[in-house]
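So the structure is just underneath, and the comments pick up after that.
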Amino acid sequence: MHIGLLEDDPQQAELVCNWLSAAGHDICHKANGSDFLEACKHQLFDMVILDWELPDQTGIEVLNTLRNIEQNNLPVLFTTQRDSEEDIVAALSAGADDYLIKPLRQAELMARLEAMRRRAGIESPSEVISLGPIVIDSRKRSITVHGEAIKVTQKDYEVALLLLSNIGKVLSREFLLKTVWGVEATLNTRTVDVHVSRVRRSLKINPDMGYCIKTIFQHGYRLEKIPATTMSINSNDK
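Heads up: the sequence shown runs through residues 58 to 295, numbered per this note's numbering.
In C-alpha cells form, the structure reads like this:
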C-alpha cells in the first residue's frame, strides 16, 4: 500500500518508516501539516497515519482539511501520547478510523493497519479493471464499452485509467498533471478539464450506467458510484 505518514518526531518517523518498508509498503513521510496536505494534492494514499501534535497545526485540523476536500474514503489512523477518553472520542468524531497511543508497538501497528485495509476493501491493483460496461486492460492498453473497442488518445487513456483505478477518491488537477503529463501545475489546468470531459464522453460515463465523474470545486475530480435510490428517482423523472 501507499501510506502517508505525518510525524514530526524524526526518531519515531524513522522507526515507523522502517516497519512499513519491511512489510512491503511505500511510504511518504512529512513532518508538518502544510507539507503533508500539499503531498496529498500530488499523491494518492491508500491510508494515512497522523500524529496529533505538530509544529504548525494539529492532526485534527489536518484531518478536517482532508475531509473538507472530500477525501471521505481515505482510512486514517491517529497516533498520539494523548490517552484520555475525551481525546480519543475527539479524534474518532473528527473522522479517524482508528487510534493508537504511543509508544507504538510494531506488531500492534501492523495489525491495526491490516484491519483498516480489510474494512476499506483495499485490494492489490488488477491488470483488468471493470466498471459496469467499461473494461480497461492495462496489459493491452485498451478500453472497451459494451464490448466495443473505444479509440482514445494516450493522455485520455491514462486519465481514464487513473479515474477507474481510484473510485471514490478525489484526484486533484495538480496530481493529474504531474502523473499524466509529468509537469507541475504551471501548465494551465484547463488542459486537465478538457481531457476529463473527453473521457466522460468517450466512455459514456453518466448516471444511466450508475457512475459519474464529479467535479470537486477548485480541486479536481472524483469517479463515484451513484446510489441505487438516486438512480431510481432519476429514472422516474424521465
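Don't be surprised by glycine CBs; every beta carbon is placed ideally from N, CA and C.
| Item | Value |
| --- | --- |
| Cross-strand partners of C97 (DSSP beta bridge) | Note: C97 sits in no beta bridge, so no partner. |
| Exposure label - L63; buried when at least 16 CB within 10 Å | buried |
| Inter-residue spacing [alpha-carbon to alpha-carbon] between T236 and D250 | 15 Å |
| Distance, K212 Cα to K282 Cα | 24 Å |
| Opening and closing residue of the beta strand (DSSP E) in which L234 lies | Per DSSP, L234 belongs to no beta strand (DSSP E) and is neither H nor E. |
| Opposing strand residues paired with E205 [DSSP bridges] | V202 |
| Which of helix, strand or coil DSSP assigns to V133 | strand |
| Simplified DSSP assignment, three categories, for R174 | helix |
| Length of the line joining the Cα atoms of R169 and D155 | 8 Å |
| Proximal residues to V119 (C-beta, below 7 Å), its chain only, five neighbours per side dropped | L63, G90, F93, L94, L107 |
| Sufficient close CB pairs (3 or more, under 8 Å) joining the stretch 212-221 to the stretch 189-200 | yes |
| Alpha-carbon to alpha-carbon, I273 and D294 | Interpretation of D294 is limited by its pLDDT of 49, a score under 50 that renders its predicted location unreliable; no figure is taken from the coordinates. |
| D113 - containing alpha helix (DSSP H), residue span | No alpha helix (DSSP H) contains D113, which DSSP labels as neither H nor E. |
| Contacts around D194, its chain only, beta-carbon distance under 6 Å, and the 5 residues preceding and following it disregarded | V185 |
| K212, enclosing alpha helix (DSSP H) - first and last residue | 211-222 |
| Which listed residue (Y268, R196, L260, C74) has its alpha carbon closest to that of Q163 | C74 |
| For V240, three-class secondary structure by DSSP | coil |
| Per DSSP, cross-strand counterpart(s) of H59 | D83 |
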